[in-house]
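Heads up, the thing below is written out as structure tokens.
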Amino acid sequence: MSSHMLRAKGSLLSIDLTARSATTEEIGDELAAFVGGRGLATKLAHDRTPFDADPLGPDNRLYFTSGPLQQSRMSFTGRMNATAVSPLTDGIRSTNAGGYLSRNFVETGHPAVEIVGESDELLAVHVTDDGVEFEEVPELEGASVSAVTEYVEGVRDLGAEHLVTAGPAGENEVRFACIMTSDTRAFGRGGLGAVMGAKGVKCVSFDGDSAPDVEVPDVQTDVHREAAQSDDLMKRQGTTGGTEFINDEFSLPTRYFTEFSFEHVEDIGGDAVEEKKYKRGTCSQCAYGCKLPTRDEETGLETEGPEFETVMSFGSCAGVGDIVDVMKSNDLCDELGLDTISCGVTVSAYLAAEDEFGNAELVHELIEKIARREGVGDLLAEGVDRAHEELGVENWSSKGLEFAAHDGRAINGQGLSYATSNSGADHMYSEILSMEYSGELDPEGLDGKAPVLVESENAAAFKDSAIACAFSSDYVTDERLGELFGADPEELYAIGGRVVELERHFNNERGFDRSDDDLPYDLPDFEAALDEYYAERGWNEDGTVPDRKVEAAD
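Shown next as structure tokens:
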């Protein structure tokens, strides 16, 4: 591996909540091998978290990491990674969030911060380049995300762009609680907000002026200029721009996955969202500006979004055909700290059980009950995998993670991706869905798709280590990624492959095997495609990683 490859710099800050202490450690070897972001966090978690750690116990370690691109001036780099053992899937989980946190995080001088142990008192933890301060904040018990921001602004003069926050859902250990930053951006999937809540941490702030010097090649300027000048539909409508196309040509999961299209799609799709958009929204350093600050003049409701996945989960999947109702669901989830995909799908499962599709008032009541584990909300807070039998509905999850909008029954390669993903039904784990939507790959069948999926998973894992936004592909091409990092793309994606390998091994040690690479529906030649996928990766036929491969990944 090139010794001149672009990598994050700095030390690991380890925060022990039980001892109320903090130490720093050198992680040069880990950075050399895994660059930053998801790769760095996966390596640290794999080596430092006990394989049998309780996701909601003190031995689980929560990592926040940045990559080298967070010290560039380039668009598509305003993102951060978080990693821990998931309370929802019981496997290792990495998730990233946009907003304005990443530049403040790297100014602490640390590309990685590890939180271990637990506190008996609710804490705000303040990280600066001078050290760590532990503040007891009993007054913030049950506080919404924006209320926490208001408090920290008042006592420390730090805004939402300095914070990661667990809402009431995280405090109550809702298995799909997320970690919020910049008030409306989420480390969304897998329940890492519940990990924070179980540790007794309400928020962590990051501030400083000690970012290590990382030289990013000048190609960053070309990317930034083109992002600013482009006129993509996504800059106006975000990810909702494809809603009607997917509904008409493929599948928009409707009424808890029992139907494939939604008759009110025009009332919740891209045009409907754009009509409510009242200003430009973006992430740190990004000229692309695809975010969606929205406002309903009649009610005064303001939120950010909904994005496409939320339009599905709280719109079509719930049978709700009014964009304002979906906006309100989105806003409640942001304030309470809930993953909109898992929450919306779980709520839709309840609507299916009660024959209440389209009841937006009930949807909003259920969101509140889930966050506080009140009444039926206590059951729903466990997620679909744990609640479906009592509800009497189908289990629309994979490895415990609720399905995203991109329906594997319509785009079969994405179905295979949901099955093989170490994170479960995660539409961001690979990039194969875009190839099927565009026609680059035939959406039907699995013939020849396993090798493509392996390459796609590896590419996504490396970009999550860099860290580059998933929507940067038209601008941060393979050639430009090679220029940025001073290495061939094949070498970079091989790093991504090692990340996937370590995730798989960690999960294997927790009992995961081929039987977990499953779906609630049939795909043509699925078992043969799994065999081909394992063979392409050099894994055992039972879906486990051979010891020699683990040693190579290390």
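Here the sequence shown is numbered in my numbering, starting from 1244 and rising by one per residue.
We put the CB at the ideal spot given by N, CA and C, even for glycine.
Own chain residues within Cβ distance below 8 Å of residue i, not counting five before or after
| i | result |
| --- | --- |
| Asp1685 | Glu1679 |
| Glu1625 | Arg1418 |
| Ser1387 | Gly1410, Pro1411, Glu1578, Leu1579 |
| Asn1339 | Gly1280, Arg1281, Arg1322, Met1323, Asn1324, Ala1325, Phe1430, Asp1707, Ile1710 |
| Asp1761 | Ser1641, Ala1662 |
| Ala1596 | Leu1634, Gly1635, Val1636 |
| Gly1781 | Pro1789, Lys1792 |
| His1247 | Gly1729 |
| Phe1294 | Phe1749, Glu1752, Arg1753 |
| Lys1252 | Leu1274, Pro1311, Pro1354, Pro1455, Asp1456, Val1457 |
Close beta carbons around residue i, own chain, < 6 Å, minus the five adjacent residues each side
| i | result |
| --- | --- |
| Arg1336 | Ser1329, Gly1433, Ser1666 |
| Lys1706 | none |
| Ala1195 | Because the chain in this structure spans residues 1244 to 1797, residue 1195 falls outside the shown range and cannot be described. |
| Ser1494 | Phe1503, Asp1650, Ala1653 |
| Gly1440 | Ala1409, Gly1413, Glu1414, Glu1416 |
| Gly1360 | Asp1259, Leu1260, Thr1261, Pro1301 |
| His1631 | Asn1638 |
| Asn1701 | Tyr1736, Gly1739, Gly1740 |
| Phe1307 | Ala1325, Val1356 |
| Ser1664 | Tyr1672 |
| Asn1602 | none |
| Tyr1718 | Val1466, Glu1469, Ala1470 |
| Ala1704 | Gly1739, Val1742, Val1743 |
| Ala1515 | Ile1566 |
| Thr1427 | Glu1547, Asp1577 |
| His1289 | Leu1745, Phe1749 |
Identity of the residues DSSP links to residue i by a beta bridge
| i | result |
| --- | --- |
| Ile1422 | Ala1409, Phe1430 |
| Asp1259 | Ser1264, Val1359 |
| Ala1366 | For clarity, residue 1366 is Leu in the given sequence; the question names Ala instead. According to DSSP, Leu1366 bridges with Glu1379, Val1444. |
| Thr1326 | Tyr1306, Ser1337 |
| Thr1371 | Gly1374, Asp1450 |
| Leu1644 | Ser1641 |
| Pro1536 | Glu1547 |
| Lys1520 | Thr1537 |
| Glu1502 | Thr1497 |
| Glu1269 | Ser1254 |
Supposed contact pair residue j and residue i - C-beta distance, whole angstroms, cut 8 Å
| i | j | result |
| --- | --- | --- |
| Ala1668 | Phe1646 | 4 Å |
| Thr1292 | Lys1642 | So it is not a contact: roughly 18 Å between Cβ atoms. |
| Leu1401 | Asp1450 | 6 Å |
| Leu1249 | Leu1727 | 6 Å |
| Lys1520 | Pro1496 | The Cβ separation is near 24 Å, so there is no contact. |
| Leu1365 | Glu1384 | 6 Å |
| Gln1657 | Leu1676 | 4 Å |
| Ala1798 | Gly1310 | For the chain, the structure presents residues 1244 to 1797; residue 1798 sits outside this window and is missing. |
| Ala1856 | Leu1435 | The displayed coordinates of the chain run from 1244 to 1797. Any statement about residue 1856 would go beyond what the structure contains. |
| Ser1448 | Val1395 | 6 Å |
| Ala1784 | Asp1768 | Correcting the residue type first, residue 1784 is Glu in the shown sequence and not Ala. No, Glu1784 and Asp1768 are not in contact; Cβ-Cβ is about 16 Å, not under 8 Å. |
| Val1606 | Phe1557 | 7 Å |
| Thr1371 | Thr1351 | 6 Å |
| Arg1263 | Phe1377 | 5 Å |
| Gln1463 | Arg1316 | 6 Å |
7 Å CB neighbourhood of residue i in its chain, flanking five on each side removed
| i | result |
| --- | --- |
| Gly1618 | Lys1612 |
| Ser1425 | Gly1342, Tyr1343, Leu1344, Ala1403, Glu1404 |
| Thr1787 | Asn1751, Asp1756 |
| Val1349 | Ser1309, Gln1313, Gln1314, Ala1454 |
| Asp1456 | none |
| Pro1732 | Asp1721, Leu1724, Gly1725 |
Proximity test, Cβ basis, 9 Å: residue i and chain B
| i | result |
| --- | --- |
| Glu1625 | No chain B appears in this structure, which consists of one protein chain only. |
Residue ranges of each beta strand (DSSP E) within the segment 1543-1612, 3 or longer: 1545-1547
Given 8 Å, three or more beta-carbon pairs between the segment 1257-1264 and the segment 1347-1358: yes
Three or more C-beta pairs below 8 Å linking the segment 1532-1551 and the segment 1568-1578: yes
Runs of beta strand (DSSP E) lying entirely within the segment 1732-1766, each at least 3 residues, in chain order: none
Touch test, the segment 1521-1541 against the segment 1581-1599, Cβ-Cβ under 8 Å, three pairs minimum: no
Unbroken stretches of the alpha helix (DSSP H), 4 residues or longer, contained in the segment 1654-1714: 1655-1663, 1675-1681, 1692-1709
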